[in-house]
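Note that the protein sequences, when read in sequence, are chains L and H. For the record, in the first sequence the residue sitting at position 76 is 105 according to our numbering, with numbers rising by one throughout. For the record, in the second sequence the residue sitting at position 185 is 214 according to our numbering, with numbers rising by one throughout. These notes concern the structure reproduced below.
There are 2 protein chains.
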Amino acid sequence: MTATSSTEDVIVEAARAVFMQKGFAATRMCDIAQTAGINQALLHYYFRTKDKLFSIVFEKESINFRSDVLSILKSDLPFFDKLRLMVRKDIEKFKSAPFLPMFVLNEIHSNPERMLHIASETHHDLIFQTFRETVKQEYEAGRIRKVCPEQLLLSIMGITMFPYLAEPMIKVSMNLNNSDFAKLMEEREDHAIALIENALSVQ
Amino acid sequence: MTATSSTEDVIVEAARAVFMQKGFAATRMCDIAQTAGINQALLHYYFRTKDKLFSIVFEKESINFRSDVLSILKSDLPFFDKLRLMVRKDIEKFKSAPFLPMFVLNEIHSNPERMLHIASETHHDLIFQTFRETVKQEYEAGRIRKVCPEQLLLSIMGITMFPYLAEPMIKVSMNLNNSDFAKLMEEREDHAIALIENALSVQ
DNA sequence: TGTTAGTTTAACTGATTAATTAAATTTCCT
DNA sequence: AGGAAATTTAATTAATCAGTTAAACTAACA
């Protein structure tokens, strides 16, 4: 059982869980220790400071957050297939990590400079540029309605992410329990794709 | 001028600004005092604790956050006019209070029980039920495509709110300065409305 | 068996911060 | 002017929390 694969990983995983749920400021080191099933001294033995531990967690998650859509966009699939894949991949990801959007957006919000670093590491600009050109080609060829690519991207992201950003609010407003909500998210993929397709289809 | 642009109001307004930007945990009472242009002692003289001050701010904002769409939905306007009004009202609100969505969702996220109280005060369930029935009537009459009302509402909210939730990320990704971003949000109203209309139109 | 890394316990330091208090000062009302 | 409320100053208390340290224990392992 390969001893040492653990502890360090256990700590990072515990930190991930607590940071994601509470955010940086509200997270206590002793919460992380407790979640990891160890004591505070050992926490500092492995990761000297709260900031270092947070950086490790945030770096990882913020990269995971940014979809790797570049390969999809650069493929030679029909445009609607690209969109379908983008939406499906995102929703799948958020289903397995529902706190991810809130966590990342929230920490960027409270420390925007960090975003500069993330953006360069994840080729944000390149992804966005490719998306813009792809959309432009499509509407110039008359295969979709003319639409501002920036606005379209914001709409797609909003459609896929919002339910996870607002999960606690939605559950109460719509009177859903956990399994109702999960089911709604199951069905969401198809709804989202259909909505976007219909919105862009000519005629 | 006197009239009472009273100290009390000044404090609440300062608290609103700081809490909105930093969230509860990261907010310091001395920040609020400084923003209000007073000292910490006076803060406690008016509002004894941080929690009380926060409650006042949050209560107010969470009610403001919830659009008063009930009157729109119950009017006898054509459905698309209702949608247009809903979207316009929401985007207008967020343009003047861009931190509102992040603030409310974030605090609900870190303290979901609070949501129960808000929901009952703002008739969430009634609004949602009315929306559901309105949509159902429309697609049963064949005036719009058949669509799950829950999903549609989530999509509309995502489309209107997401840009404000992700503002710092968007600015970096799309390489926009403040005025670029503001302009994009100006144009967003029409984009959002057109997108939803096209998505729902039959044929 | 003895060494070493990993781990625990428990007490402590130092910094931050919410909250309190008393006394002094200012502002405003009558 | 006199008095009450508002506000400041400055010092203090109490709590929380990140981070440190030393001493002891445990298990692997050579």
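Note that beta-carbon positions come from the ideal geometry of N, C-alpha and C, so glycine has one too. Computed from a predicted structure; not experimentally measured.
Exposure label - residue i; buried when at least 16 CB within 10 Å
i        : result
H/Asp119 : buried
L/Pro107 : exposed
H/Arg113 : buried
L/Leu82  : buried
L/Gly66  : exposed
H/Ser91  : buried
L/Ala54  : exposed
L/Lys111 : buried
H/Thr189 : buried
H/Ser104 : exposed
L/Thr56  : buried
H/Thr151 : buried
H/Glu167 : buried
L/Ser125 : exposed
H/Ser84  : exposed
L/Ser139 : buried
Cross-chain neighbours of residue i in chain L, by beta carbon under 9 Å
i       : result
H/Asp97 : Simply none; closest approach about 15 Å.
H/Ala65 : Within 9 Å Cβ-Cβ: nothing; H/Ala65 doesn't reach chain L, min ~21 Å.
H/Ala44 : Residues of chain L passing the Cβ test: none, with the nearest at roughly 17 Å.
Chain L residues whose Cβ lies nearer than 8 Å to that of residue i
i        : result
H/Glu216 : Cys177 and Gln180
H/Gln232 : Gln232
H/Asp80  : Result: empty, since nearest Cβ-Cβ is about 14 Å, beyond 8 Å.
H/Asp119 : Near H/Asp119 there are no residues of chain L at all, since even the closest Cβ is about 12 Å away, more than 8 Å.
Per-residue contacts from residue i into chain L (C-beta, under 7 Å)
i        : result
H/Leu112 : In chain order: nothing, as chain L lies at least about 13 Å away.
H/Pro141 : Pro197
H/Leu224 : Ser184 and Ala228
H/Arg174 : Asn227
H/Ala148 : Val201 and Ser202
C-alpha gap between residue i and residue j, whole angstroms
i        : j        : result
L/Cys59  : H/Arg217 : 45 Å
L/Met186 : H/Phe191 : 7 Å
H/Lys147 : H/Ala46  : Lys is not the amino acid found at residue 147 of chain H; the sequence shown has Ile there. So the alpha carbons of these two residues sit roughly 21 Å apart.
L/Asn206 : L/Met144 : 34 Å
L/Met198 : H/Leu99  : 18 Å
H/Ile40  : H/Phe76  : 9 Å
L/Ala170 : L/Leu181 : 17 Å
L/Glu136 : H/Gln232 : 43 Å
L/Tyr193 : L/Phe210 : 10 Å
H/Glu142 : L/Thr163 : 44 Å
H/Ser223 : H/Phe109 : A small correction: the amino acid at residue 223 of chain H is Ala; Ser does not occupy that position in the sequence shown. When rounded, the distance between both Cα atoms is 10 Å.
L/Val133 : L/Phe87  : 8 Å
H/Ile61  : L/Ala195 : 27 Å
H/Ala32  : H/Asp38  : Annotation note: pLDDT 37 at H/Ala32 (below 50); position unreliable, no value reported.
H/Ala43  : H/Met49  : 10 Å
L/Leu129 : L/Thr78  : 23 Å
L/Glu172 : H/Glu215 : According to the sequence shown, residue 172 of chain L is Arg rather than Glu. One C-alpha to the other measures close to 27 Å.
H/Ser184 : H/Val116 : 11 Å
L/Lys89  : L/Ser208 : 29 Å
L/Leu213 : L/Asp219 : 11 Å
L/Lys165 : H/Glu121 : 28 Å
L/Ser35  : L/Pro127 : 25 Å
H/Thr64  : H/Met131 : 21 Å
Listed by chain order, chain H residues near residue i by CB distance under 7 Å
i        : result
L/Lys103 : Residues of chain H passing the Cβ test: none, with the nearest at roughly 18 Å.
L/Ile137 : Pro197 and Met198
L/Leu213 : Glu179
L/Met241 : Residue coverage of chain L in this structure runs from 30 to 232, which leaves residue 241 of chain L outside it and unanswerable.
L/Leu145 : Val201
L/His220 : Cys177 and Gln180
Chain H residues whose Cβ lies nearer than 9 Å to that of residue i
i        : result
L/Met49  : Here the premise fails: no neighbours, minimum Cβ distance about 10 Å.
L/Phe157 : Ser202, Met203 and Asn204
L/Asp60  : By Cβ distance, chain H contributes nothing, its closest Cβ being about 13 Å from L/Asp60, past 9 Å.
L/Gly52  : Gly52, Ala54, Ala55, Asn135, His138 and Ser139
Neighbour list for residue i in chain H, Cβ cutoff strictly below 8 Å
i        : result
L/Pro18  : Beyond the ends of chain L as shown, which are 30 and 232, falls residue 18 of chain L; an answer cannot be given.
L/Asp154 : Ser202 and Asn204
Any non-hydrogen atom of the ligand PLP closer than 7 Å to residue i Cβ
i        : result
L/Ser104 : Within the structure as shown, the ligand PLP is missing, as the structure has no ligands at all.
message: I'd like to know if the stretch 198-206 of chain H and the stretch 141-160 of chain L are in contact, where contact means that at least 3 CB-CB pairs between them fall below 8 Å.
response: Contact between the stretch 198-206 of chain H and the stretch 141-160 of chain L is present, with at least three C-beta pairs closer than 8 Å.
message: For the pair the stretch 225-232 of chain H and the stretch 170-182 of chain H, tell me if three or more CB-CB distances fall below 8 Å.
response: Counting Cβ pairs under 8 Å, three or more are found: they touch.
query: Does the stretch 63-78 of chain H come close enough to the stretch 90-99 of chain H to have 3 or more Cβ pairs within less than 8 Å?
result: The answer is no - the stretch 90-99 of chain H does not touch the stretch 63-78 of chain H, with fewer than three Cβ pairs under 8 Å.
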